[in-house]
């Protein structure tokens, strides 16, 4: 018995310790935008109501347990029966109704408010007033298209702060789910229909979070589901407009002879059949079978999960399966020699807007 209690205590301690682990701003308990704050408020409100109900019920239970316990052995006297008491019946019927109204009214209000995406349907929508991002989920990467600017990126989502960003979600293969925990609740990406919603990113909270927020797939989609991450980089409106201009005027550069060799190898291995290397990718979405690599050299992660450095980049090019099982690039170009991997890595690192 003692061993069982020791094991349970240890498990409780481990659970408590692990609950404090994780990357910064990957928690719904640290809201960083209007939508997330509204959802956090509803969560706190519902938790408060539940705690109050539990406390009241436990208090009544304890009172009844003590008040009406058998006083002495052989005492068979029954306490006064209150069955059919109209006042009590009305009381414990009205109280739950009131509690449901307190929770239900703000919930319905916020849900309908957050579902308002009518601005996306305007034929002459001004992108300055309503930024729209088409999100396409793939096994196991994310594509972000800015239709009003003709820009396509992958893996890192760039958004302005302190304004609504409207998302149009779709999947190209199986069901996924788009989720930025600190910005708002998740929404499914389906193959047969498009879902819409909006998020906001608070400038002050963005500064506290650092350079990036974290996004994830929240729907089990395959062996690398847990590795289907993306980064969100919020920036002030002026900086976002500068980023748009830099993407619209994007030009490739090969900074070294090795990078030039990598560029030629990139063509020889037919990588361009899947990967675009310019943000102005006018191919239909069905033809975009691999992540857009236009700003690959500026990313913070390799394959969305590994730190950006030479070692991880070489490992990803050499054996993608070892890093992200089930990805579509595995085995697509055959074995590469070390000097070829080096050349490709130099070329990819040079893909920048600068």
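Residue numbers (full-length UniProt numbering): 1 to 354.
Glycine included, every Cβ here is placed at the ideal spot set by N, Cα and C.
For clarity, every value in this text was computed on a predicted model and none was experimentally measured.
Taking DSSP as the reference, what is the three-state secondary structure of residue i?
i: residue 292; result: coil
i: residue 160; result: strand
i: residue 118; result: helix
i: residue 11; result: helix
i: residue 148; result: coil
i: residue 6; result: helix
i: residue 276; result: coil
i: residue 26; result: coil
i: residue 347; result: helix
i: residue 324; result: coil
i: residue 32; result: coil
i: residue 336; result: coil
i: residue 41; result: helix
i: residue 58; result: helix
i: residue 353; result: coil
i: residue 193; result: coil
i: residue 204; result: helix
i: residue 242; result: helix
i: residue 269; result: coil
i: residue 247; result: helix
i: residue 312; result: helix
i: residue 63; result: helix
i: residue 264; result: helix
i: residue 46; result: helix
i: residue 113; result: helix
Give the DSSP bridge partners of residue i, in chain order.
i: residue 132; result: 166
i: residue 154; result: 143
i: residue 104; result: For residue 104, which the question treats as bridged, DSSP gives no partner whatsoever.
i: residue 406; result: The structure shown does not extend to residue 406, since the chain is modelled only from 1 to 354, so the question has no answer here.
i: residue 235; result: 160
i: residue 301; result: 307
i: residue 226; result: Paired residue(s): none; residue 226 is not in a bridge.
i: residue 283; result: In DSSP, residue 283 forms no bridge with anything.
i: residue 198; result: 166
i: residue 138; result: 141
i: residue 171; result: 137
Quick one: what's got a C-beta closer than 7 Å to residue i's C-beta in the same chain, skipping five residues either side?
i: residue 277; result: 252, 293, 294 and 351
i: residue 259; result: 346, 347 and 350
i: residue 180; result: 199, 213, 215 and 232
i: residue 340; result: 265
Within a Cβ cutoff of 6 Å, which residues of the same chain sit near residue i, ignoring the five residues on either side of it in sequence?
i: residue 309; result: none
i: residue 143; result: 136 and 154
i: residue 39; result: 185
i: residue 127; result: 148
i: residue 168; result: 134, 194 and 196
i: residue 50; result: none
i: residue 303; result: 316, 323 and 324
i: residue 326; result: 222, 223 and 224
i: residue 312; result: 302 and 306
Give the straight-line distance between the Cα atoms of residue i and residue j, rounded to the nearest whole angstrom.
i: residue 199; j: residue 85; result: 51 Å
i: residue 93; j: residue 27; result: 37 Å
i: residue 319; j: residue 288; result: 22 Å
i: residue 275; j: residue 18; result: 39 Å
i: residue 96; j: residue 65; result: 23 Å
i: residue 8; j: residue 16; result: 12 Å
i: residue 47; j: residue 317; result: 48 Å
i: residue 246; j: residue 211; result: 19 Å
i: residue 335; j: residue 306; result: 22 Å
i: residue 43; j: residue 99; result: 14 Å
i: residue 298; j: residue 113; result: 36 Å
i: residue 228; j: residue 183; result: 18 Å
i: residue 34; j: residue 202; result: 7 Å
i: residue 249; j: residue 159; result: 19 Å
i: residue 13; j: residue 78; result: 46 Å
i: residue 30; j: residue 207; result: 13 Å
i: residue 344; j: residue 177; result: 32 Å
i: residue 282; j: residue 110; result: 37 Å
i: residue 41; j: residue 257; result: 56 Å
i: residue 68; j: residue 62; result: 10 Å
i: residue 59; j: residue 53; result: 10 Å
i: residue 171; j: residue 90; result: 51 Å
i: residue 36; j: residue 71; result: 54 Å
Near residue i, which residues of its chain fall below 8 Å by C-beta distance, leaving aside the five closest residues on each side in sequence?
i: residue 175; result: 188, 189, 190, 191, 219 and 221
i: residue 45; result: 102, 103 and 106
i: residue 76; result: none
i: residue 120; result: 130, 132, 166, 168 and 196
i: residue 163; result: 131, 200 and 237
Is residue i near the ligand MG - that is, is its Cβ less than 8 Å away from at least one heavy atom of it?
i: residue 157; result: For the structure depicted, the ligand MG is absent and the ligand set is empty, with no information on it obtainable.
Would you say residue i faces chain D, with C-beta separation under 9 Å as the test?
i: residue 231; result: Within the model displayed, chain D is absent; a lone protein chain is all it includes.
In chain order, each alpha helix (DSSP H) run of at least 4 residues that lies wholly inside the region 65-102: none
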